[in-house]
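Residue numbers (mature numbering (1 follows the signal peptide of the UniProt record, and there is no 0)): -29 to -1, 1 to 258.
This report concerns only the one structure given below.
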Amino acid sequence: MISEIKNRKSLFIRAFLLVLLLSSITAFAQPQQAKEQKKELKAAQNFLSEAQQSLQKDKFPAAEADYRKAIFLNPKSETAKYNLGTAYYGKEKNAEAMLRFQQAATTATDKAEKHKAFHNLGNTFMNEKKYTEAVEAYKNALRNNPNDDETRYNLALAKDMLDKNPPPPEDKDDKDKKDQDKKDQDKKDQQDKQDKKDQGDKGDQKADKDKGDDKQDKKEGDKDKDQGKPKDEEGDKPQQQQPVPGQLSPQQVKSLLEAMNNEEKKTQDKINAEKQKGAKVKSDKDW
């Protein structure tokens, strides 16, 4: 019993020491991790500064590389993405600038930063003559800063250019073609459903017809069986047999038999009468 108590006490002490060790490691790791993050943020800021200096010295490749390093070290910062987008815009690299401004607008949490990103994104769309996208970008910019006159002017210009340069006819044709294809497909699907329904109804009608034919055949078969059994108008009573030429009918046979019986009776009555008168009887002796 004492040994069991000692074992439990030892197990408890070990568990307590393990928890204490883990807590110490966590407590040590958190400041260390925070220290590393702070170091990375400082390095990202240094790369931003170096990139700006490289741009001022017209060293675009070096500036681009430093901006990329800053974005890698601090992906949550919209500043490096926005500045790199501005650098691309200055070099008329609209596709690259567009991507970075979009990233900056997505990452930014401050309305002022979002406004700048969407405003410059609209400018890149204007350079590419994508007026529909430009209108939407300027609208997003004004949602974050409704008081910016330059954005409002750019929006009006983008709308005017969109009215004068509507989407190419082929785009409209493609849309119409897609709509027509969808209608055709829906119509085909509807027709397939109707055909299946009609096929099912036709099968049911054929089955009903076959059943009706079977009933008719059975009825005609029963009729053929009854042809040798003539019936009178009253129902199941057999008809009287018709006389056949050259043969006596049952009635004629009956009348003839009655006549013969009558003749036979008359002859018998005559014989009986003669017996009663004492007629002579021939004897075997010759006297």
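The C-beta atom is built at its ideal place from N, Cα and C for all residues, glycine as well.
**Q.** Endpoints, the alpha helix (DSSP H) within which Lys47 is located
**A.** Translated into positions along the sequence shown, residue 47 becomes position 76. That residue, Lys47, is in no alpha helix (DSSP H); it is neither H nor E in DSSP.
Q | For Asn65 and Thr103, believed in contact at Cβ under 8 Å, the rounded distance | A | Here residue 103 refers to the residue found at position 132 of the sequence shown. Here residue 65 refers to the residue found at position 94 of the sequence shown. In fact, because the Cβ distance is near 16 Å, the residues do not count as touching under 8 Å.
Q: Alpha carbon to alpha carbon, how far is Ala75 from Tyr53? Give it in angstroms, no decimals.
A: Taking the first residue of the sequence shown as 1, we reach residue 53 at position 82. Taking the first residue of the sequence shown as 1, we reach residue 75 at position 104. Cα-Cα distance, rounded: 5 Å.
Q) What did DSSP end up calling Asp37 once you bin it into helix, strand or coil? A) The residue given as residue 37 occupies position 66 in the sequence shown. Of the three classes helix, strand and coil, the one that applies to Asp37 here is helix, per DSSP.
Q. How long is the line joining the alpha carbons of Gln73 and Ala127, rounded to whole angstroms?
A. Within the sequence shown, residue 73 is the residue found at index 102, counting from 1. Within the sequence shown, residue 127 is the residue found at index 156, counting from 1. If I take the Cα positions, the gap works out to 21 Å.
Q: Look at the Cβ atom of Leu14, then the Cβ atom of Ala34, and state whether they are nearer than 8 Å.
A: The residue labelled residue 14 in the question sits at position 43 within the sequence shown. The residue labelled residue 34 in the question sits at position 63 within the sequence shown. Per the sequence presented here, residue 14 reads as Ala, with Leu not at that position. Against a cut-off of 8 Å, the Cβ pair of Ala34 and Ala14 comes out as no contact.
Q.
As a quick exercise: from Arg71, Lys9, Phe31, Asp160, pick the residue whose alpha carbon is nearest that of Lys87.
A. In the sequence shown, counting from the first residue as 1, residue 87 sits at position 116. Selected option, being the one with the closest Cα: Arg71.
Q. Helix, strand or coil for Asn54 per DSSP?
A. The sequence position of residue 54 within the sequence shown is 83, counting from 1. Note: Asn54 maps to helix in three-state DSSP.
Q) Nearest to Ser20 by CA position, among Ala5, Glu7, Ala36, is which residue? A) The residue labelled residue 20 in the question sits at position 49 within the sequence shown. Selected option, being the one with the closest Cα: Ala36.
Q) Would the beta-carbon of Ala41 fall within 8 Å of that of Ala22? A) Translated into the one-based positions of the sequence shown, residue 41 becomes position 70. Translated into the one-based positions of the sequence shown, residue 22 becomes position 51. Result yes, Cβ atoms of Ala41 and Ala22 sit closer than 8 Å.
Q | Sufficient close CB pairs (3 or more, under 8 Å) joining the stretch 144 to 164 to the stretch 112 to 123 | A | no
Q: For Gly56, count neighbouring C-beta atoms within 10 Å of its own C-beta (all shown protein chains included) and say buried if the count is 16 or more, exposed if not.
A: Within the sequence shown, residue 56 is the residue found at index 85, counting from 1. Answer is buried; the Cβ neighbour count reaches 16.
Q: Kindly indicate which three-state DSSP category Lys153 falls into: helix, strand or coil?
A: The residue you call residue 153 lines up with position 182 of the sequence shown. If DSSP states are grouped into helix, strand and coil, Lys153 belongs with the helices.
Q) Taking the C-alpha atoms as reference points, what is the distance between Thr77 and Lys85? A) Residue mapping note: residue 77 aligns to position 106 of the sequence shown, counting from 1. Residue mapping note: residue 85 aligns to position 114 of the sequence shown, counting from 1. So the two alpha carbons sit approximately 8 Å from each other.
Q. Buried or exposed: Asn45, going by 16 or more other Cβ atoms within 10 Å of its Cβ?
A. As a working note, residue 45 is residue 74 in the sequence shown. Buried, because 16 or more other Cβ atoms sit within 10 Å of the Cβ of Asn45.
Q. Would Ala115 pass as a contact of Lys164 if the rule is Cβ separation under 8 Å?
A. By one-based count along the sequence shown, residue 115 stands at place 144. By one-based count along the sequence shown, residue 164 stands at place 193. Residue identity differs from the one stated: residue 115 is Asn in this sequence, not Ala. Not in contact: Asn115 and Lys164 (Cβ atoms no closer than 8 Å).
Q. Terminal residues of the continuous alpha helix (DSSP H) containing Glu63?
A. Position 92 of the sequence shown, counted from the first residue, corresponds to residue 63. Careful: Glu63 lies outside any alpha helix (DSSP H) and carries neither H nor E.
Q. Pick from Phe89, Met97, Gly61, Leu113: whose alpha carbon is nearest that of Asp29?
A. Numbered from 1 along the sequence shown, position 58 holds the residue referred to as residue 29. It is Gly61.
Q.
Taking 6 Å as the limit between beta carbons, can you name the residues of its chain near Leu113, skipping five residues before and five after?
A. On the sequence shown, residue 113 is found 142 positions in, with the first residue counted as 1. Cβ within range, chain order: Thr122.
Q: Can you check the stretch 95 to 143 for any alpha helix (DSSP H) of at least 4 residues that lies completely inside it and give the ranges in chain order?
A: 102 to 115, 120 to 135
Q. Does the separation of the CB atoms of Ala79 and Val106 fall below 8 Å?
A. Taking the first residue of the sequence shown as 1, we reach residue 79 at position 108. Taking the first residue of the sequence shown as 1, we reach residue 106 at position 135. Contact flag unset, no.
Q.
Can you tell me whether Phe43 is buried or exposed? The criterion is at least 16 other CB atoms within 10 Å of its CB, across all chains shown.
A. Within the sequence shown, numbered from 1, the residue matching residue 43 stands at position 72. Answer is exposed; the Cβ neighbour count stays below 16.
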